[in-house]
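Here the protein sequences line up with chains A and B, keeping their order.
Under our numbering, the first residue of the first sequence carries the number 15, and numbering increases by one thereafter.
Under our numbering, the first residue of the second sequence carries the number 15, and numbering increases by one thereafter.
Glycine included, every Cβ here is placed at the ideal spot set by N, Cα and C.
Single-structure report; data block below.
2 protein chains.
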Amino acid sequence: MLDSLFKPKSVAIIGASVKELSIGNRILKNLLEFGFKGAIYPINPQADKVQGVRAYKSILDAPDGIDLVHIIIPGKFVPQAVEDCGKKGVKSIIINSAGFRETGPEGEAIEKDFLSRAKKYGIRIFGPNCQGIINTDPDVRAYCNFTFTKPESGCISIAAQSGGVGELIHQGFSEMGIGTRIYASNGNACDISIPEIIKYFGKDPGTHVVVLYIESISNPKEFIEAARELADRKPVLAMKAGRTGEGAKAVSSHTGALAGKDITTDLIFEKAGVLVFKDEGELCRAAAAFALQPIPKSNRVGIITNTGGPAIIATDVLIDSGLEIPQLSEKAKEALKDQLYPEACVNNPIDVLATGKSEHFRAAIESLMNQDRIDSLFINFVTPFFVDTDSIAKEIANAGRQKKKPIICNLMTDKSHWTETIRILKDGGIPCYSFPSDAAKALASLVHYARLEPAEHDKISLFPNTDKKSVELIINKARESGKSFLSANDVYSILEAYEITTVPWEIADSPDKAVYAAEEIGFPVVVKADSESIIHKSDFGFVALNLKDADEVKACAEDMRKRLASDDLNFLVQKYLPGGSEVIVGAKAEKGIGHIIMFGIGGIYVEVLKDLVFKIAPISHKKAREMINGIKGAKTLKGLRGKESVYEDGIIEIICKISQLVTDFPAIKEIDLNPLIAFSNRVFVADARITI
Amino acid sequence: MLDSLFKPKSVAIIGASVKELSIGNRILKNLLEFGFKGAIYPINPQADKVQGVRAYKSILDAPDGIDLVHIIIPGKFVPQAVEDCGKKGVKSIIINSAGFRETGPEGEAIEKDFLSRAKKYGIRIFGPNCQGIINTDPDVRAYCNFTFTKPESGCISIAAQSGGVGELIHQGFSEMGIGTRIYASNGNACDISIPEIIKYFGKDPGTHVVVLYIESISNPKEFIEAARELADRKPVLAMKAGRTGEGAKAVSSHTGALAGKDITTDLIFEKAGVLVFKDEGELCRAAAAFALQPIPKSNRVGIITNTGGPAIIATDVLIDSGLEIPQLSEKAKEALKDQLYPEACVNNPIDVLATGKSEHFRAAIESLMNQDRIDSLFINFVTPFFVDTDSIAKEIANAGRQKKKPIICNLMTDKSHWTETIRILKDGGIPCYSFPSDAAKALASLVHYARLEPAEHDKISLFPNTDKKSVELIINKARESGKSFLSANDVYSILEAYEITTVPWEIADSPDKAVYAAEEIGFPVVVKADSESIIHKSDFGFVALNLKDADEVKACAEDMRKRLASDDLNFLVQKYLPGGSEVIVGAKAEKGIGHIIMFGIGGIYVEVLKDLVFKIAPISHKKAREMINGIKGAKTLKGLRGKESVYEDGIIEIICKISQLVTDFPAIKEIDLNPLIAFSNRVFVADARITI
């Protein structure tokens, strides 16, 4: 447990300084000013007191039972300090000092040194090269951090790989007046990791929302597991920097970590069930909504406004974000008409007019609260000088306190004058924004979160009749003989073992046997040369389509043999099946993640448009269907220009079987079913490749 | 000239009220408090004084030579008030009152009534149903508006169709501390229009940047002309609401105006050379950058930061926005290395470290300012407690004052404590933002503006050898006979008159003549039935491809004649040209705009992906090339899978010729060249349709 870190009963500061502009001075100051509830022991060999607090020459001189120690001394002295802490029985250490792994081999050696000492004593290390932690829990009030923005209490916890961005988010929450619960920025993360912090947030009752800032994920599986568990209970909002090539370069020059490609991170976030943001301002504003308001049941928004234009802007953004703005029931409209000004508009958006008073707002709010067809309220509230805006704010705040449906407010006001109106809304827990688009996006985030599915809704059902034994044999044999590309025979046998239907096929080792095979399969057939020396068969004329009789097969096979004088040459003879739609299913091992499954439509969709969908295995039937529908060209599979729609369930089954196959056999590096030929009632694998 | 409106020397208020919460009271108060430089005449039949200012019973009693009158009385009294103003020689009137066109036919009649009286006297009307205007020019200080946020002086002028959004933007500028120059929200816009206001902004020397908020464009041609003229001299930033279907509905229920489809507005904005925004916050923040900083020469950004993460976020956003973050020259890196801390990073982003002092910032800024490969500076500035942030701010501000290259700053600070640092940056004209993404987007807007081309760079060269006479004859003849679909003969003759190459063709009125024609053209041929009664020929089997000899042509034509017993049946015989890529060029008349030209690639690109590009005619060669490159599937035209790339110049020529044709003949409603068949050295029209 990380209680000694996040809820320390005592904190010692090795490097507590009397110099005002030093970090060792600031941390003590922050602890004192924020009102830390535990004991504080400045460690300073020269001073008796630092900032009026009794100091100790060495950690060994301080009282026993210390939970947490800050170390803020030059890197080379850190191992000895950790050793001393060990002797003293310290539980956790925050190493604020820099000069370790991030500086090169010499620093890395020092990091290894202090880490092994810490392990010896069972001490947990936070950092090094980090800001530290903050816990605003009123029973703790630990500002163990050298930043400069006084924390405000709140229910959002932050874990950030960059102290700079962590502080940015923390400042954002302070400026918005929603505060922070726990803050953790763990720098080099040599011991305590983001997944561990995430787990801790999950158990902290004061944490209602979690915000993550990620630059690189060192152990994706561990991250997914921890984040998934947390996300099933609390909203997790995440942002990853280094999305672009240049950004990733900046990450690695900054942290030394190799940043993964963005697509992988997005898949990891998706698998973990976290809400992803690409804009940190949007993330902060969304977090405010999560902190203050309930999650809507669905996506139907009722808008109330007292000025037209901004409600239109909000409408655009909400619709663009996949929300709906349904009309009110006729009954509700009639009732509202009687309660609003005659010129008011009772469509959705409801315009109560700039002259609308508190009773008009109340009527509109109640109407929306009581209608089943509305899940959330968007209020656009301008504060004209000619109405009592405080009483309007009270109506909004009262409705907000009920926590029945979420209310988001775009507040158009002069902040220096309408202070009381603002205070009332704030006290009522109404998230207020300065631009309708910002408010609309925050509301949309609540809806998008409501749509994320908990892991339990995405159960993976396994196919029972797979012949794992055969596959194991094939793979082991191939491995022993040092092969990485499996032969056609092996590939098709593996697919058959998992009941993945292939186009009827046979392998023949001579032209005559190819004719034989063709006659057995039935004409017309396809003949493909199969040899380790050729990978892209069609590029070099080693695929012959639509061979109609024995003569054609023989001539073709002989020609191939002539052109490809290879010992291992075999002929793959398949039934020729014209028509149908070509799709592609693949799997690829990705370090630390397992396998990524790919789906796409053949031809220009893949080649020109890069129209592919990826997901991390294992994949449920539901997710497989989402993959198909996530393709831009999905329409072509659903019947176009009179063509019949393809057998989608067949494709889904193959995606799931491939997912199961690679999960069963992590040794598989890559599978390519390219193409699958999909007809209206059947799907066949027409060509496949497996590497191990 | 609208000087009497925007620079009034005197303002009378018909409806100046003693009631504190009334609009007639507020406008007077706003004028007084803002320090209007001219004379003020409250008109009030009962009071001798309003807010201490001498009032007049009637406008007729007030002194002569009044520039501007506010009318804030019930709608039905407005026509008489306008009449009185006319008698008095008033030049302009702002009608704040509502109750006119927006309320129905009765209100519309009143609007017509006062408008005709105004015209009689040569009075210009602003509104009705509007907020009014603000001019912060120190010689004017006209706060002729009933809003409540005290205007700050600035150089950005705002024209908004919605008072609510106008006020939102105006508040945004006040909050950002950049202020407003002229503000105009013209409500129903019965007389003075947005284009007129735009023209006025163009001539106002105090206006450096213009922001437009548009809900619907009533006269696109006039708008394009006015905005284009302005945009060639000053940055114009625009936003249109009602982008989504629901948003457009909200617009029309709000203003009664029929909102155009979004695509058209985007094309109008593009043609006008204005910078388009979809987020009003982004627009406001960009406007601040335009107001304070010069336009960069190109897109290469140098980043300076004193904390890692936020610079990475900025990098991602800049790259995503099409900007570049080039490496510094080796020489510059070497020089910088000597001037920064040893641990500092001299790559771009340059990390001067959190401990970086003013001299480090100065060195980094000077380095970027002096390098030709850098066009703009992005500074990410966190204010740690342990450095002298004021002196750093001074370095940034000094660099900003030079206006050599734009500087944008993401300032991470506690605004309640670092007030002096903030003040220094503000006085230096450095646009500061609270989030790196926001700052990066603002900088990107400057670059995007730099890339918009002035109209003069987009000259349209006309094709001289067009035979307008023949086309005129054909169109007139078709018109006289009441046809709207032109016959194949007419269509192909028109295309030939504009030297648009068609596949060799002939018209035959019998199967025998079709054979004749085919022999002349040379086999293989295509035969199409041509009759007014069939539009989609291929859908009904009235197109036969690849007919190889006389017998096939005859059989086919006779079969068509049998199935289509139509008097006007002709046979269009064309050379059959297999291979080649199918593309589509079209033109469509759009009310108020002229013609929109369309380009797309045939097949699934159009059918499934709706992959089409539109631009407003007339179109230059340059724009035509942009259209082709703007298509997602453009790659397929540039040589794919060993196929030769198509003759792009030929397609461009056809686009331009179609543009010229529809510009010459506005009577043409629609042209469809579908498909054009493009080969590596030639492009032919294979099928075409024209409606008039």
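Following the DSSP letters along the chain, one finds I87 (chain B) in no alpha helix (DSSP H), marked with neither H nor E. Within the segment 584 to 606 of chain A, no residue has a Cβ lying closer than 7 Å to any Cβ of chain B. Between the segment 364 to 376 of chain A and the segment 287 to 303 of chain A, the count of Cβ pairs shorter than 8 Å is below three; the stretches do not touch. Along the segment 249 to 267 of chain A, going in chain order, the ones with a CB nearer than 7 Å to a CB of chain B are A255, G256, R257, T258, E260, G261, A264, V265 and S267. Chain B has no Cβ within less than 7 Å of the Cβ of I318 (chain A). The segment 67 to 77 of chain A makes contact with the segment 17 to 37 of chain A; the number of CB pairs closer than 8 Å reaches 3 or more. For G191 (chain A), no Cβ of chain B is located within less than 7 Å of the residue's own Cβ. Counting every other CB atom within 10 Å of its CB across the protein chains shown gives E520 (chain A) a total of 16 or more, marking it as buried.
When secondary structure is reduced to three states using DSSP, F679 (chain B) falls in the coil class, being assigned neither helix nor strand. Using beta-carbon distances, K652 (chain A) does not count as an interface residue toward chain B, since no partner is under 7 Å. Per DSSP, the beta-bridge partners of D544 (chain A) are A:N584.
Where I685 (chain A) is concerned, the enclosing beta strand (DSSP E) starts and stops at E684 to A692. Under the 10 Å beta carbon count, H184 (chain B) is surrounded by 16 or more other beta carbons and is classified as buried. Selection A:K473, A:I607, A:K576 and A:E296 evaluated against F449 (chain B) yields A:E296 as nearest (Cα-Cα). Rounded to the nearest angstrom, the Cβ distance from G323 (chain A) to A255 (chain B) is 6 Å, consistent with a contact under 8 Å.
Taking a Cβ-Cβ threshold of 9 Å, none of the residues of chain B is close to S232 (chain A); the smallest such distance is about 17 Å.
Per DSSP, M612 (chain A) is not a residue of any alpha helix (DSSP H); the beta strand (DSSP E) it occupies stretches across G608 to I615. Rounded to the nearest whole angstrom, the C-alpha separation of N44 (chain B) and A53 (chain A) is 58 Å. Per DSSP, Y135 (chain B) is one residue of the alpha helix (DSSP H) stretching across P119 to Y135.
Exclusion of the five residues before and after D452 (chain B) leaves R299 as the residues of its chain whose Cβ lies within less than 6 Å of its Cβ. For R138 (chain B), the enclosing beta strand (DSSP E) covers residues R138 to F140. In the DSSP assignment, L561 (chain B) falls within the beta strand (DSSP E) that extends over V557 to L561. DSSP places Y463 (chain A) in the helix class (H, G or I) of the three-state scheme. B:I309 is the residue among B:I309, B:L675, B:K652 and B:C446 whose C-alpha sits nearest the C-alpha of K419 (chain B). Taken through DSSP and simplified to helix, strand or coil, I196 (chain A) comes out as strand.
In the same chain as D701 (chain A), and ignoring 5 residues on each side of it, the C-beta atoms closer than 7 Å to its own belong to N688 and P689, in chain order. Under the Cβ distance rule, V660 (chain B) does not count among the residues neighbouring chain A, no pair being separated by less than 7 Å. The beta carbon of P525 (chain A) is closer than 6 Å to those of K568, A571 and E572 in its chain, skipping five residues each way along the sequence. For V505 (chain B), there is no enclosing beta strand (DSSP E); the enclosing alpha helix (DSSP H) has its first and last residue at A502 to A511. Taking each of A:K292, A:A240 and A:E239 in turn and checking the Cα distance to R257 (chain A), the smallest one comes out for A:K292.
A702 (chain A) does not reach chain B, its nearest Cβ partner there being about 21 Å away, counting only Cβ pairs nearer than 8 Å.
In this structure the segment 587 to 606 of chain B lies against the segment 535 to 547 of chain B, because at least three pairs of beta carbons, one per stretch, are closer than 8 Å.
Cβ atoms of E210 (chain B) and G193 (chain B) stay farther apart than 8 Å, at about 24 Å.
Interface flag for G323 (chain A) against chain B is set, since a Cβ pair is found closer than 7 Å. The contact set of F399 (chain A) on chain B, defined by CB atoms closer than 7 Å, consists of L35, R40 and F162 in chain order. Closest in alpha carbon position to L251 (chain A), among A:G287, A:G259 and A:N233, is A:G287.
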